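*Asks:* The structure is given below, and queries will be raised subsequently.
Residue numbers (the working numbering): 8 to 240.
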């Protein structure tokens, strides 16, 4: 395969509109079947979307850094794309002027806000801080800091880390994808649409249920504006 860009998505409801917008078709027998990863290819086979798939035991989409790590590794190992993108929804911050549907393209480091290791030797390791690729930011998309953790509800320690990092978009996968991409010297970036506010008294899940359709619509529109996609049309 000669893949220019592999898009990694954890949630099927994030992936399906992208698959439709890029007129992708599912390809089979690409990855180790035991992993349950699904791959969709554009007509020219230059763009791939890798969907993490369902947990075989609990029948839910596999969100979080653990499976994102495995998906990123398998994607690079098997199809060796020229670039990786962690694409999906995220939490934003009203206090920083974010709005539901804002789309952030990662700039600078991508951090782990969910790693908490109170040992001096691990001070830098727990941050991650893996650089995202320098991608031109199209109009209507914001450049921002993305950080990741495995909790939907942010703890006090998570909030402290996100304040330190000046996080714009809180997600559950991007840092893990960035870490694997760094190991493999594969350019990587994150594209995240705000579906909820981290600094809100309303539960994250309730906000997500209300806002995800609009956020994903904006996400797909933003993705189609990226030079990496436009060049392949």
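Positions of the beta carbon are idealized from the N, C-alpha and C atoms, including for glycine.
The structure presented is a predicted model; accordingly, all values stated were derived computationally and were not measured.
Comparing C-alpha positions only, which one of 22, 145 and 30 sits nearest to residue 222?
*Replies:* Taking only the C-alpha atoms, the option nearest residue 222 is 22.
*Asks:* Which value, in whole angstroms, describes the spacing of the CA atoms of residue 307 and residue 188?
*Replies:* No answer is possible for residue 307: it lies beyond the span of the chain, which begins at 8 and ends at 240.
*Asks:* So, is residue 132 buried or exposed, given that buried needs 16 or more other C-beta atoms within 10 angstroms?
*Replies:* With fewer than 16 Cβ atoms within 10 Å of its Cβ, residue 132 is classed as exposed.
*Asks:* What does the alpha-carbon distance come out to for the pair residue 111 and residue 53?
*Replies:* Residue 111 and residue 53: Cα-Cα distance of roughly 24 Å.
*Asks:* Let me know the secondary structure DSSP gives residue 65 once reduced to three states.
*Replies:* Three-state result, residue 65: coil.
*Asks:* Should residue 162 be labelled buried (16 or more other beta-carbon atoms within 10 Å of its own) or exposed?
*Replies:* Exposed, because fewer than 16 other Cβ atoms sit within 10 Å of the Cβ of residue 162.
*Asks:* Report yes or no: do three or more beta-carbon pairs, one from the region 26-39 and one from the region 66-75, lie closer than 8 Å?
*Replies:* These segments do not touch.
*Asks:* Run the CB neighbour count on residue 186, radius 10 Å, all protein chains shown included, and call it buried at 16 or more, exposed below.
*Replies:* Buried, by the Cβ-count rule.
*Asks:* Identify, in the order they occur along the chain, each residue of the same chain with its Cβ nearer than 7 Å to the Cβ of residue 172, setting aside the five sequence neighbours on each side.
*Replies:* Once the five neighbours on either side are set aside, the close Cβ partners of residue 172 are 118, 120, 152 and 154.
*Asks:* Our contact map puts residue 13 next to residue 91 with C-beta atoms below 8 Å; I'd like the distance itself, whole angstroms only.
*Replies:* So it is a contact: roughly 5 Å between Cβ atoms.
*Asks:* Scan the region 180-222 and note each continuous alpha helix (DSSP H) run of 4 residues or more that stays entirely inside, going in chain order.
*Replies:* Those alpha helix (DSSP H) runs which fall completely within the region 180-222 and span 4+ residues are 181-190.
*Asks:* Once you ignore the five residues that flank residue 228 on each side, which residues in its own chain have a CB closer than 7 Å to its CB?
*Replies:* Closer than 7 Å at Cβ, skipping near neighbours: no residue.
*Asks:* In its own chain, which residues sit with a C-beta less than 8 Å from the C-beta of residue 144, not counting the 5 before and 5 after it?
*Replies:* Here the set comprises 112, 114 and 150.
*Asks:* Secondary structure at residue 55, three-state DSSP: helix, strand or coil?
*Replies:* DSSP places residue 55 in strand when its eight states are reduced to three.
*Asks:* When you measure from the CB of residue 183 to every non-hydrogen atom of the ligand ATP, does any distance come out below 7 Å?
*Replies:* The ligand content of the structure shown is nil, which means the ligand ATP is not present either.
*Asks:* State the CB to CB distance for the pair residue 98 and residue 211, rounded to an integer number of angstroms; the pair is presumed to be in contact (CB under 8 Å).
*Replies:* With 8 Å as the limit, residue 98 and residue 211 qualify as a contact, their Cβ atoms being about 7 Å apart.
*Asks:* Do you know how far the Cα of residue 205 is from the Cα of residue 3?
*Replies:* Only positions 8 to 240 of the chain appear in this structure, which leaves residue 3 out of reach.
*Asks:* Whole angstroms are fine: how far does the CA of residue 101 sit from the CA of residue 207?
*Replies:* Rounded to the nearest angstrom, the two C-alpha atoms are 8 Å apart.
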